[in-house]
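Below: one structure, written as structure tokens.
The structure is reproduced here in structure tokens:
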């Protein structure tokens, strides 16, 4: 992670006082891009401030909007001694990706770090439920998957370092800030990752359209890694062959498959349903 240009702990008392009030100022140049990474949208900025306020350098809020909508953002920013700027919506438009719906708020932040794969391996235990993405390329799909995974209690996601989308502004926005709560690691080779997971007694289960068992028939109470393929093509052949099992979601209409983010939700929440059922029986 790059060194932050501002550190609230190093400010004088006078600077702290100034940083805690909402400043009615425009950026030096209208439309100037925010330094570092730009996180935008009410929920993503809120989650960033809740989970990793140390990454935030400043908050920009659109002029003329009611502060009530941004109440928690303003309160959290003040708590952490962050500068809050005012700027026009048009200026914020130019800070974010073209056509993005920033909802009148953007945060200048240090870029998010990927977690080391070894760190994620160490976190795998008898209750492990992790996610492996085999080449998801659409940032909105990836963001939706991260959001779904976080809601389903998944704490780690592995993605390929090449031919796959990483953590971008669009991914963060689509995840509504879930990227701040789920550890994401890049790996050079998905097949080697699968072998490592197996060596750590984690069952590896992929998805397929044909020739697979119903996803409800798999015992998801075991330590499991769910492997999802990219849009359109699904899993790579070798990846599918290396999985311990392949599961499918039955289709009842004319379309052959679900969007990958929807499939993730269906399967992950079935996994948690089975786990809760087992836990309730034990209790």
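Numbering (our numbering), first residue to last: 5 to 287.
Just so you know, even glycine gets a beta-carbon here, dropped at the ideal spot from N, CA and C.
Owing to the predicted nature of the structure, the values given are computational and were not obtained by experimental measurement.
For the pair residue 111 and residue 42, the Cα-to-Cα distance works out to about 6 Å.
The beta carbon of residue 124 sits closer than 8 Å to those of 134, 160, 162, 187, 189, all from its chain and outside the five residues before and after it, given in chain order. The stretch 103-110 and the stretch 43-52 touch, with no fewer than 3 CB-CB distances between them shorter than 8 Å. For residue 207, the beta-bridge partners assigned by DSSP are 228.
Ranked by Cα distance from residue 82, the first of 97, 57, 104 is 57. In terms of Cβ geometry, residue 232 and residue 195 do not form a close pair [threshold 9 Å]. When the alpha-carbon of residue 137 is set against those of 274, 247, 282, the nearest one is in 247. Here residue 181 is buried, its C-beta having at least 16 other C-beta atoms within 10 Å. Collapsing the DSSP output to three states places residue 254 in coil. The C-alpha of residue 104 is placed about 23 Å away from the C-alpha of residue 117. Residue 184 has its alpha-carbon roughly 16 Å from the corresponding atom of residue 61.
Residue burial annotation: residue 254 is exposed, with fewer than 16 other C-beta atoms found within 10 angstroms of its C-beta. Excluding sequence positions up to five before and after residue 239, its CB lies within less than 6 Å of the CB of 138, 210, 233, all in the same chain and listed in chain order. Going by DSSP, residue 125 is part of the alpha helix (DSSP H) stretching over 121-126. Judged by their CB atoms, residue 273 and residue 156 are nearer to each other than the 9 Å cut-off. With the rule of 3 Cβ pairs closer than 8 Å, the stretch 92-99 does not count as touching the stretch 142-156. Following the DSSP letters along the chain, one finds residue 155 inside the alpha helix (DSSP H) bounded by residues 143-155. Counting C-beta atoms within 10 angstroms of its own C-beta, residue 145 has 16 or more neighbours from the protein chains shown and is therefore classed as buried.
The alpha carbon of residue 227 has as its nearest neighbour, out of 208, 219, 69, the alpha carbon of 208.
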